[in-house]
Amino acid sequence: RRRERLHARLDALIAAARREPGDDILSLLVGARYEDGAPMTDADVRAQLLLLVVAGHETTAIAIAWALYALHRPENAGARERLLEELATLGPSDDVDPEVVAKLPYLSAVCDETLRRFPLAPAPAPRRLLQPLELAGYTLPAGVGVAAAIGVAHLDPRTYPEPLRFRPERFLERTFSPFEFLPFGGGARRCLGAAMATYEMRIVVATILRSVDLRLASLRPDPGKIRATNAGPAYGVKVVVEARR
17 RRRERLHARL DALIAAARRE PGDDILSLLV GARYEDGAPM TDADVRAQLL
67 LLVVAGHETT AIAIAWALYA LHRPENAGAR ERLLEELATL GPSDDVDPEV
117 VAKLPYLSAV CDETLRRFPL APAPAPRRLL QPLELAGYTL PAGVGVAAAI
167 GVAHLDPRTY PEPLRFRPER FLERTFSPFE FLPFGGGARR CLGAAMATYE
217 MRIVVATILR SVDLRLASLR PDPGKIRATN AGPAYGVKVV VEARR
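To convert, take the position in the sequence shown, counting from 1, and add 16; that gives this note's numbering.
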């Protein structure tokens, strides 16, 4: 019964997007075409929406947890204060346009630095080569599995000086290529929910920090732990919530 209610709600949203397309993810799915030119059916669009919500739930929650952890480490107090100053420019009102929030430059840099320093999938599932590949002087035969070492790439000091340091400013100082910063993978099969995940992460982090003051319940460094395919905090991010001063 709950599934039926969920499907009915999604079908109503799909119908509305077909009548009046916008510039959101749903409208992009509704307007997508297969190779033969046929549009996606309502059932296909609904399946993609469910994938975005279900598959992206835990990963986005982990990313938000890492962001709050990093911002409230004592060594990162400067980053936290700079972000709070940027959020203060929105004013005290709760009625703030999410689009404005999502485009705040330092907030975006904080979220990108979180995804760099704490990649959700440091060793993603490999892809099988259909033909031999020459790579860095090596010949990889067809049939072997190849995966991008995201965790290694994100900690390469040649690309990211002081790679273990949480420094969002690096994302304001330069633009990194898709081969240097790839928290959602790359290529044609890059994570479908990348845009939704980053948007949601920015909105939630901003909303929390505009509403309350937080402090970590423990300053014990968290090395992270891989569960299934996701790398989340090993101990959980326990915080003390205090009324905004």
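Positions of the beta carbon are idealized from the N, C-alpha and C atoms, including for glycine.
By the criterion of at least three beta-carbon pairs nearer than 8 angstroms, the segment 227 to 247 is in contact with the segment 135 to 144.
Bounds of the alpha helix (DSSP H) holding valine 116 are 114 to 118.
In this model, alanine 79 and arginine 17 are separated by some 32 angstroms (Cα to Cα). Note on geometry: alpha-carbon atoms of leucine 151 and isoleucine 41 lie some 35 angstroms from one another.
In the structure shown, the three-state DSSP call for valine 253 is coil. Taken atom to atom, the span from the alpha-carbon of leucine 66 to that of isoleucine 30 is near 12 angstroms. Contact between leucine 188 and alanine 164 is ruled out by a C-beta separation of about 25 angstroms, above the 8 angstroms threshold. The beta carbons of tyrosine 85 and proline 249 sit closer together than 8 angstroms.
Around the C-beta of phenylalanine 195, fewer than 16 other C-beta atoms lie within 10 Å, and the residue is accordingly described as exposed. Bridge partners of alanine 259 according to DSSP: Val228.
In this structure, arginine 218 keeps its C-beta atom at 8 angstroms or more from the C-beta atom of alanine 125.
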